[in-house]
Amino acid sequence: NIKNYRENRVQLIKEVQTAFDNSIDYYYVEDSKNNFLAFVDENDSLSNDTFFDKIKLDTVFKNNLSKMSGSSIANPSKTQTDSVQKKVDSSGFAISLSFTAPTKELKDFDIPQRIKDTIEYESNWKQLKDSSNKSDIAIHGDVSKISSVRVIKGKRATDSISKMKDLANKIIISMFQDSIAFPKLSKSVDRELARKNIAIEYSLQHFKADTVFGEFKKNKNAKFPLTAFSATTFLPPEQKLQISFSDPTILILKRSFTEILLSLALSLSIIFCLLYLLKTINKQKRIDEIKNDLISNITHEFKTPITTISSAIEGIRNFNDVDDKEKTNRYLNISGQQLKKLEIMVEKLLETASLDTNKLVLNRDAINIVELIKSNIEKHQMVAPEKEIIFNSNLEQLECKVDLFHFENAISNLIDNAIKYGGNHINISLSKTEKQTTITIEDNGIGIEKAQREKIFDKFYRIPKGNVHDVKGFGIGLFYSKKIIEKHGGTLELVPNIKTT
249 NIKNYRENRV
259 QLIKEVQTAF
269 DNSIDYYYVE
279 DSKNNFLAFV
289 DENDSLSNDT
299 FFDKIKLDTV
309 FKNNLSKMSG
319 SSIANPSKTQ
329 TDSVQKKVDS
339 SGFAISLSFT
349 APTKELKDFD
359 IPQRIKDTIE
369 YESNWKQLKD
379 SSNKSDIAIH
389 GDVSKISSVR
399 VIKGKRATDS
409 ISKMKDLANK
419 IIISMFQDSI
429 AFPKLSKSVD
439 RELARKNIAI
449 EYSLQHFKAD
459 TVFGEFKKNK
469 NAKFPLTAFS
479 ATTFLPPEQK
489 LQISFSDPTI
499 LILKRSFTEI
509 LLSLALSLSI
519 IFCLLYLLKT
529 INKQKRIDEI
539 KNDLISNITH
549 EFKTPITTIS
559 SAIEGIRNFN
569 DVDDKEKTNR
579 YLNISGQQLK
589 KLEIMVEKLL
599 ETASLDTNKL
609 VLNRDAINIV
619 ELIKSNIEKH
629 QMVAPEKEII
639 FNSNLEQLEC
649 KVDLFHFENA
659 ISNLIDNAIK
669 YGGNHINISL
679 SKTEKQTTIT
689 IEDNGIGIEK
699 AQREKIFDKF
709 YRIPKGNVHD
719 VKGFGIGLFY
729 SKKIIEKHGG
739 TLELVPNIKT
749 T
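Plus 248 on top of the position in the sequence shown (first one is 1) and you've got this note's numbering.
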């Protein structure tokens, strides 16, 4: 983006330079239309002197230009009368007028009487001399008295006339301005900038031999850090035109908006892809960790009953020589308990797999929830007599339509989880309002770390303890309970507390 900004900045400065050059060229081309005038006559019977004497001009030197720097007659000779020259050659006359000095110098200038008789002014010669703001002079002639005389305006036309040799008589008048009509030039610059859709503030300076000869500035208090000089060929030697303009940062940003937007969108897409990739990698890593923990837990949980069954069978075979039926029955009972335990673990795994699909169908019946909870408490109290389990309820009976098998397993998993990971005191409460029924299982254990709270309901997830398997389980109890309760239209959530869980 920084590279694009710099390239667009250079391009914009070049466009300002080009617009400035074009506007100056246009200014001088337009100006030349009024500064060159030719009178031609194809009548060869009229002598040169007669042609010059007979032409009468009704209006001369019109169209003022504000802030004229001055006027005088070009190529001054020994006397002022020589400044207006009449050059006679085989093809006619050519008068060249150039204004280069202050107009006030015209007050004492002695125009030859013959020229005064030939050129009649709109008011009078004295009125021209008294004016200090006359310039950009246009000449209009009335040559109706001589039908063969033609009036031609413009530099290109007069250049063509000067090269023609078959004209009997011709007068070419050219006027040159050393000053710049800044308001007129400014309008030309504005048109060129608008054509290129460049909105900037600027000022113009006219230099002569490194000296500021004229200046134009719309906003006098503005500062313009960027400058450019015109490369036009219309300026006389040792003269330069400079444009100073404001920093176009906002304009450059607007022009680069599409590129910046696309670059930003591409950058955001790359960042999003990287974040998504990182999330996927972390998720896959966590899945691998859970898988490894699951394999380790299943191996440990399955190995214990298998080892017990193997030991019991070995005892019957090798340590029962007297065929003691009591010992045999005891070994068989141990084997049966361990096989039952294996069956329960396999069923839990199969049930967990079915929860991720829509294959699990609940068989709802009206069940007394109070009795269901009490029976679960009694069962777990027998397994863990060292734990104190207290049940509180404001209801003696509460019937709800639930699937007895799955709902009972869900409640049993929650109580079992409190016994395994909680403290010695477990409180179970049941309450009902008009809108909902709430079952709360609370223990005084050490609690769960904040980083682990959102993960405990994930399938196969267990809080990492390395290779320590002090508590049996597969990490599916809370996941199973949450899914079953949600299928019953309820919610299961962890409410952490400072002293209880």
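The beta-carbon is built from N, C-alpha and C at its ideal position, and this holds for glycine as well.
Just mark residue i as buried or exposed, buried being the case when its beta carbon has 16 or more other beta carbons within 10 Å.
i, result
"K355", "In this predicted model, K355 has a pLDDT of only 36, less than 50, meaning its place in the structure is not dependable; the value taken from the coordinates is given anyway. Burial call: exposed."
"A429", "buried"
"D458", "exposed"
"Y728", "buried"
"P553", "buried"
"S811", "Given a span of 249 to 749 for the chain in the structure shown, any question on residue 811 remains unanswerable."
"Y524", "exposed"
"D279", "buried"
"A476", "buried"
"F505", "exposed"
"V277", "exposed"
"P496", "buried"
"L509", "exposed"
"F567", "exposed"
"L742", "exposed"
"I667", "buried"
"T327", "Since pLDDT at T327 reaches only 36, below the 50 mark, its modelled position is unreliable, and the value read off the structure follows with that caveat. So T327 counts as exposed."
"L260", "buried"
"S436", "buried"
"A447", "exposed"
"V650", "buried"
"I519", "exposed"
According to DSSP, which residues form a beta bridge with residue i?
i, result
"V650", "D613"
"Q585", "BP columns for Q585 are empty, so no partner."
"N675", "I638, E690"
"H454", "G462, L489"
"T685", "K680"
Rounded to whole angstroms, what is the Cα-Cα separation between residue i and residue j?
i, j, result
"Y579", "T528", "50 Å"
"L646", "I617", "6 Å"
"E656", "E574", "36 Å"
"N252", "K539", "50 Å"
"G725", "K731", "10 Å"
"Q585", "G738", "35 Å"
"T688", "A560", "42 Å"
"F461", "L514", "53 Å"
"V609", "H736", "11 Å"
"V594", "K707", "15 Å"
"Q684", "L740", "13 Å"
"L512", "I733", "46 Å"
"N672", "P744", "17 Å"
"L313", "S427", "Legend: pLDDT at L313 = 36, less than 50; position of this residue unreliable, no value from coordinates given."
"E440", "N270", "7 Å"
"E486", "A479", "12 Å"
"V264", "K531", "56 Å"
"K488", "L516", "50 Å"
"N692", "L597", "30 Å"
What is the DSSP secondary structure of residue i, counted as helix, strand or coil?
i, result
"L501", "helix"
"I529", "helix"
"A476", "strand"
"D571", "coil"
"S427", "coil"
"S434", "helix"
"N445", "coil"
"E440", "helix"
"E229", "Given that the chain is displayed from residue 249 to residue 749, the structure contains no residue 229 and the question cannot be resolved."
"V594", "helix"
"Q259", "helix"
"G462", "strand"
"E368", "Any answer about E368 is weak, because its pLDDT of 36 lies below 50 and its placement is not dependable; what the coordinates show is given next. If DSSP states are grouped into helix, strand and coil, E368 belongs with coil."
"K680", "strand"
"L740", "coil"
"T481", "coil"
"F705", "coil"
"D495", "coil"
"K735", "helix"
"E697", "coil"
"P633", "coil"
Less than 8 Å between the CB atoms is what I'm expecting for residue i and residue j, so what's the real figure, rounded?
i, j, result
"Y275", "L433", "5 Å"
"S641", "S677", "7 Å"
"D222", "F472", "No answer is possible for residue 222: it lies beyond the span of the chain, which begins at 249 and ends at 749."
"D613", "L662", "About 21 Å separates the two Cβ atoms, so there is no contact after all."
"E463", "L452", "7 Å"
"E449", "N467", "6 Å"
Would you say residue i touches the ligand MG, meaning its beta carbon is less than 8 Å from a heavy atom?
i, result
"Y669", "Ligands are entirely absent from the displayed structure, and the ligand MG is therefore not among its contents."
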